[in-house]
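Q: Questions regarding the structure given below will be posed in turn.
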Amino acid sequence: MLGRATEEPQTVNRRVLLRKVAIGEVSALRHVFFDFGKATLQEASFEELNMMVTMMKQNQTMQVEIGGHTDDVGSDTFNKKLSQQRADAVRAYLTNNGITGRRIKSIGYGEERPIVSNDDESGGREINRRVEFKVIAK
């Protein structure tokens, strides 16, 4: 399900802030969630994605790369495909909310770029299941 930005703010228990980032800097979208093994955005993701929409509307020349990542559970082929579908879902959300598609590149990295060990006991797998954005032009 792809949502659209709401006209009125919704009441939430947390506030998500996107700070200014330099060209080439990678930032994780920590509050973007998907159904297990799927590329379906959960409603809890919309607040952070709406903030990204706002940021991109305020910076009309900004271009970003959306990178999807998985943990190492499952085959390399499945993880690569799933990570691409998740990056594409974020891209679709942004374009459905007024951001021109040519400003957004989506890439699925699969399990190629873990940021911590995939040892589940330390929470590594959860951390490695992420979507990141990188500003590639301002």
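Here the numbering used here is used: the first residue of the sequence shown is 343, the next is one more, and so on. A virtual CB, placed ideally from N, CA and C, is assigned to each residue, including glycine.
Out of F376, N392, E367, state which residue places its alpha-carbon closest to the alpha-carbon of Q426.
A: The count along the sequence shown starts at 1 and reaches residue 426 at position 84. If we check each option's Cα against that of Q426, F376 comes out closest.
Q: Please go through the same chain and pick out, in chain order, the residues whose beta-carbon is closer than 6 Å to the beta-carbon of V368, but skip the five residues on each side of it.
A: In the sequence shown, counting from the first residue as 1, residue 368 sits at position 26. The answer, listed in chain order, is E474, K476.
Q: With burial defined as no fewer than 16 other Cβ atoms inside 10 Å of the residue's Cβ, what is the status of G450: buried or exposed?
A: One-based indexing of the sequence shown puts residue 450 at position 108. It is buried - the Cβ of G450 has at least 16 other Cβ atoms within 10 Å.
Q: Taking Cβ positions, are F386 and D430 nearer each other than 9 Å?
A: Locating residue 386 in the sequence shown gives position 44, counting from the first residue. Locating residue 430 in the sequence shown gives position 88, counting from the first residue. Sequence check: residue 386 is Ala here, not Phe. Result no, Cβ atoms of A386 and D430 do not sit closer than 9 Å.
Q: Which two residues bound the contiguous alpha helix (DSSP H) that contains V458?
A: As a working mapping, residue 458 is identified with position 116 in the sequence shown. V458 -> no alpha helix (DSSP H), and no H or E assigned at all.
Q: Could you name the residues that DSSP lists as bridge partners for Q405?
A: Here the question's residue 405 lines up with position 63 in the sequence shown. For Q405, which the question treats as bridged, DSSP gives the partners A479.
Q: Under 6 Å Cβ to Cβ from T437, same chain only, skipping five residues before and after it: list those, please.
A: The residue labelled residue 437 in the question sits at position 95 within the sequence shown. Contacts found: G443.
Q: Give every residue of the same chain whose Cβ lies closer than 7 Å to the Cβ of M343, excluding the five residues on either side of it in the sequence, and list them in chain order.
A: Working through the sequence shown from its first residue, we reach residue 343 at position 1. Residue placement at M343 cannot be trusted, given a pLDDT of 43 that sits under 50; what the coordinates show is reported in the next sentence. Counting only Cβ-Cβ distances below 7 Å, and skipping sequence neighbours, we find T382, L383.
Q: Check the DSSP bridge columns for G410 and list the partner residues they point to.
A: By 1-based counting over the sequence shown, the position of residue 410 is 68. The partner list for G410 (beta bridge, DSSP) reads G450, V473.
Q: What first and last residue would you give for the beta strand (DSSP E) that runs through V368?
A: Counting from 1 along the sequence shown, the entry for residue 368 is found at position 26. From DSSP, the beta strand (DSSP E) with V368 extends over 368-370.
Q: Go ahead and pull the three-state DSSP assignment for E378.
A: In the sequence shown, counting from the first residue as 1, residue 378 sits at position 36. The sequence shown places Phe at residue 378, not Glu. Note: F378 maps to coil in three-state DSSP.
Q: Taking the alpha-carbon of S417 as reference, which of K480, I469, G379, I457 has the nearest alpha-carbon?
A: Locating residue 417 in the sequence shown gives position 75, counting from the first residue. The shortest Cα separation from S417 among K480, I469, G379, I457 belongs to G379.
Q: Going along the chain, which residues of its own chain have a beta-carbon closer than 6 Å to the beta-carbon of R472, five neighbours each way excluded?
A: Against the sequence shown, residue 472 aligns to sequence position 130. These residues qualify, in order along the chain: A370, H411.
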